[in-house]
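Report on the following structure.
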Amino acid sequence: MEGANRRPRRRRRRTAERLKSLLIAVLSLSALYLCARTGLYGDLAGVWGGLLLPEQESPIPLGSAGDSRPELIPVRITVRSGPSGRFAAQYDQALTDEVYAALRGLLAEALASARPPRQMTEAHWRQALGREGVCFDFGGQAPLDALCVWLGEGSRNDALTGDVRRLLVVRDNVGDGALLCFRDETDGTYYACETALTYRGRMAESLEPYEGSGPAFVFELEDSGGAYQALDPYVLLSATPLSPRIYEASNPLLEAEALDRVQRALSFRPQSDAGYQVQGGLRYREGKETLEVLDRGVIAYHASEPSASRYSLGEGPSPGRTACIEAAWRLAEATLGNLSGAGRLCLLEARETASGAVVRLGYTLDGAAVALPNGAAAAQVVIQEGYITGYTLQFRRYEDTGERSLVLRELQAAAALEVQAPGGELALCYIDSGGMSLEAGWVAG
Numbered sequence: 039m040e041g042a043n044r045r046p047r048r049r050r051r052r053t054a055e056r057l058k059s060l061l062i063a064v065l066s067l068s069a070l071y072l073c074a075r076t077g078l079y080g081d082l083a084g085v086w087g088g089l090l091l092p093e094q095e096s097p098i099p100l101g102s103a104g105d106s107r108p109e110l111i112p113v114r115i116t117v118r119s120g121p122s123g124r125f126a127a128q129y130d131q132a133l134t135d136e137v138y139a140a141l142r143g144l145l146a147e148a149l150a151s152a153r154p155p156r157q158m159t160e161a162h163w164r165q166a167l168g169r170e171g172v173c174f175d176f177g178g179q180a181p182l183d184a185l186c187v188w189l190g191e192g193s194r195n196d197a198l199t200g201d202v203r204r205l206l207v208v209r210d211n212v213g214d215g216a217l218l219c220f221r222d223e224t225d226g227t228y229y230a231c232e233t234a235l236t237y238r239g240r241m242a243e244s245l246e247p248y249e250g251s252g253p254a255f256v257f258e259l260e261d262s263g264g265a266y267q268a269l270d271p272y273v274l275l276s277a278t279p280l281s282p283r284i285y286e287a288s289n290p291l292l293e294a295e296a297l298d299r300v301q302r303a304l305s306f307r308p309q310s311d312a313g314y315q316v317q318g319g320l321r322y323r324e325g326k327e328t329l330e331v332l333d334r335g336v337i338a339y340h341a342s343e344p345s346a347s348r349y350s351l352g353e354g355p356s357p358g359r360t361a362c363i364e365a366a367w368r369l370a371e372a373t374l375g376n377l378s379g380a381g382r383l384c385l386l387e388a389r390e391t392a393s394g395a396v397v398r399l400g401y402t403l404d405g406a407a408v409a410l411p412n413g414a415a416a417a418q419v420v421i422q423e424g425y426i427t428g429y430t431l432q433f434r435r436y437e438d439t440g441e442r443s444l445v446l447r448e449l450q451a452a453a454a455l456e457v458q459a460p461g462g463e464l465a466l467c468y469i470d471s472g473g474m475s476l477e478a479g480w481v482a483g
């Protein structure tokens, strides 16, 4: 009888132990959930600071090893496949992309095989623009050594330095070879390089599909009676009237989900209690780092010294300008690029400093530049001693409305703008002053 009484007690004891084990498990799971909700999980997982996400989610991989390189796409391309007539792709990014995909191999081979440049006159440069070949216009100032690396899948050509806007791959007028020609935008000097390319065969076959449609550079219109004399001689005049797209502009950071994604990409914890209100937005501070998220769609970061920054290029204290551009590009693509809609990033400037570089990127729409308020860049990134110590990101989203606008022909636009900027370059531009509707118009600069 006594043994029979002990058995129920043992069963009750085992049941109680199981319930306690289950309760401990539930409490443990609840504690982990609360840690994650309150931001303590990062401290348990091992992070850099109170604002940071777990290491596997941060930060953006800025180093070049194993990462894709920037793809600078020209804003316009002109092709001559014969002695007369010129094909042009401009203010039509889809067409420009298509032509560039077909002809970028010629540029890559010319850059990789270019021999040391020899100086040429501007008259010879203009003659080269009229010969069989292709002209790639990148709009801004592209470092020539960086283009060699990006187009050549990492290979370098130490003979090529300087900043360029236009690159020509044209037939040599004294033989069957091909020349690489460019203007160094830093001092205005023109250069030509012999290359391993030959015109007959692959180059001629690559250019053959692009028949001339009549566009001309201003300097080629000597019989126009001085109608275009107010313009830069290298403005490319369209053969047909232009009808640029109309876009709708917005601030994507007004969407909570988009803002959370951006803060995660930048390795700052969304909705952290470390943030406090400032005029026009929120400020987050961690040690010697500050991140501001402003209502107008701007995110700004500053580290008071390089060693305090969480963004290392992984290239040592002297990374070089190419590595700086690549890091700035990746930062901008992972944030602005994912939210810009029809907008595309372009390199505006990469200025070297005593301790690093300042890189500025802009937006383009269908090959036309976008002008932001007060001359701001879409992204401005400061690099010092191998770390990003500051950036300002201007978030804008552009959506094609399916409608188009009308603009004046270049002749009328040139007359209208002559007083404003004589000798300037006439170009289509979208002026984004913060409104919703965006139409292109002519600017001279």
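Quick note, this note's numbering runs 38 ahead of the 1-based positions in the sequence shown.
Note that the Cβ used here is the ideal one computed from N, Cα and C, for glycine as well.
task = Would you kindly work out how many angstroms separate the C-alpha atoms of residue 267 and residue 221, rounded to a whole number?
result = Counting from 1 along the sequence shown, the entry for residue 267 is found at position 229. Counting from 1 along the sequence shown, the entry for residue 221 is found at position 183. Residue 267 and residue 221: Cα-Cα distance of roughly 22 Å.
Inter-residue Cα distance where the pair is residue 481 and residue 465 = Numbered from its first residue, the sequence shown carries residue 481 at position 443. Numbered from its first residue, the sequence shown carries residue 465 at position 427. If you take the alpha carbons of residue 481 and residue 465, they lie about 6 Å apart.
message = Just to confirm before moving on: does the CB-CB distance between residue 269 and residue 129 stay below 8 Å?
response = Reading the sequence shown from its first residue, position 231 is the one you call residue 269. Reading the sequence shown from its first residue, position 91 is the one you call residue 129. Not in contact: residue 269 and residue 129 (Cβ atoms no closer than 8 Å).
query = What residue from 354, 183 and 335 has the CA that sits closest to residue 344's CA?
reply = Residue mapping note: residue 344 aligns to position 306 of the sequence shown, counting from 1. Answer by Cα proximity: 354.
inquiry  = So for residue 474, helix, strand or coil by DSSP?
reply    = By 1-based counting over the sequence shown, the position of residue 474 is 436. Residue state, collapsed to three classes: coil.
query = Which of helix, strand or coil does DSSP assign to residue 242?
reply = In the sequence shown, the residue the question calls residue 242 occupies position 204. Of the three classes helix, strand and coil, the one that applies to residue 242 here is helix, per DSSP.
ask   = Residues bridged to residue 228 by DSSP?
value = For the purposes of this step, residue 228 is taken as residue 190 along the sequence shown, with counting starting at 1. By DSSP's assignment, residue 228 forms a beta bridge with 158 and 221.
key: Reference residue 151, options 232, 228, 283 and 137, closest by Cα   = Position 113 of the sequence shown holds residue 151. Ranking 232, 228, 283 and 137 by Cα distance to residue 151 puts 232 first.
inquiry  = Less than 8 Å between the C-beta atoms of residue 290 and residue 125, yes or no?
reply    = Residue numbering aside, residue 290 sits at position 252 when the sequence shown is read from its first letter. Residue numbering aside, residue 125 sits at position 87 when the sequence shown is read from its first letter. Against a cut-off of 8 Å, the Cβ pair of residue 125 and residue 290 comes out as no contact.
ask   = Excluding the five sequence neighbours on either side, which residues of its own chain have a C-beta within less than 7 Å of the C-beta of residue 210, listed in chain order?
value = Numbered from its first residue, the sequence shown carries residue 210 at position 172. Take residue 210, set aside five residues on each side of it, and the residues of its chain with a beta-carbon closer than 7 Å to its own are 216 and 217, in chain order.
ask   = For the alpha helix (DSSP H) that residue 189 lies in, which residues bound it at each end?
value = Walking along the sequence shown from the start, residue 189 turns up at place 151. It spans 182 to 189 - the alpha helix (DSSP H) in which residue 189 sits, taken as one unbroken run.
inquiry  = Could you compute how far the alpha carbon of residue 429 sits from the alpha carbon of residue 174?
reply    = Within the sequence shown, residue 429 is the residue found at index 391, counting from 1. Within the sequence shown, residue 174 is the residue found at index 136, counting from 1. Going from the Cα of residue 429 to the Cα of residue 174 covers about 30 Å.
Residue closest to residue 375, alpha-carbon to alpha-carbon, out of 258, 303 and 182 = By one-based count along the sequence shown, residue 375 stands at place 337. Ranking 258, 303 and 182 by Cα distance to residue 375 puts 303 first.
message = One question on the structure: do residue 385 and residue 178 come within less than 8 Å of each other, judged by their Cβ atoms?
response = Stepping through the sequence shown from its first residue, residue 385 is reached at position 347. Stepping through the sequence shown from its first residue, residue 178 is reached at position 140. Yes, they are a contact pair.
query = Whole-angstrom Cβ separation of residue 325 and residue 346, contact assumed at under 8 Å?
reply = Taking the first residue of the sequence shown as position 1, residue 325 is located at position 287. Taking the first residue of the sequence shown as position 1, residue 346 is located at position 308. That pair is a contact at about 6 Å.
key: Inter-residue spacing [alpha-carbon to alpha-carbon] between residue 256 and residue 450   = Along the sequence shown, read from residue 1 onward, the residue named residue 256 stands at position 218. Along the sequence shown, read from residue 1 onward, the residue named residue 450 stands at position 412. Rounded to the nearest whole angstrom, the C-alpha separation of residue 256 and residue 450 is 14 Å.
message = Taking 8 Å as the cut-off, does the segment 398 to 413 touch the segment 314 to 332 (at least 3 CB pairs, one atom from each stretch)?
response = Between the segment 314 to 332 and the segment 398 to 413 there are fewer than three C-beta pairs closer than 8 Å, too few to call the two in contact.
ask   = Are the Cβ atoms of residue 277 and residue 208 separated by less than 8 Å?
value = By 1-based counting over the sequence shown, the position of residue 277 is 239. By 1-based counting over the sequence shown, the position of residue 208 is 170. No, these two residues do not count as a Cβ contact at 8 Å.
task = Just mark residue 241 as buried or exposed, buried being the case when its beta carbon has 16 or more other beta carbons within 10 Å.
result = By one-based count along the sequence shown, residue 241 stands at place 203. Classification of residue 241: buried, given that the 10 Å Cβ count is 16 or more.
query = Going by the CB atoms, is the gap between residue 244 and residue 140 shorter than 8 Å?
reply = For the purposes of this step, residue 140 is identified with residue 102 of the sequence shown, where counting begins at 1. For the purposes of this step, residue 244 is identified with residue 206 of the sequence shown, where counting begins at 1. Yes; because the gap between Cβ atoms is below 8 Å, this pair is in contact.
inquiry  = If contacts are defined as beta-carbon pairs under 8 Å, then residue 415 and residue 400 qualify, I think. What distance do you get, rounded to the angstrom?
reply    = Along the sequence shown, one-based indexing puts residue 415 at 377. Along the sequence shown, one-based indexing puts residue 400 at 362. Right, the Cβ-Cβ distance comes to about 6 Å (below 8 Å), so this counts as a contact.
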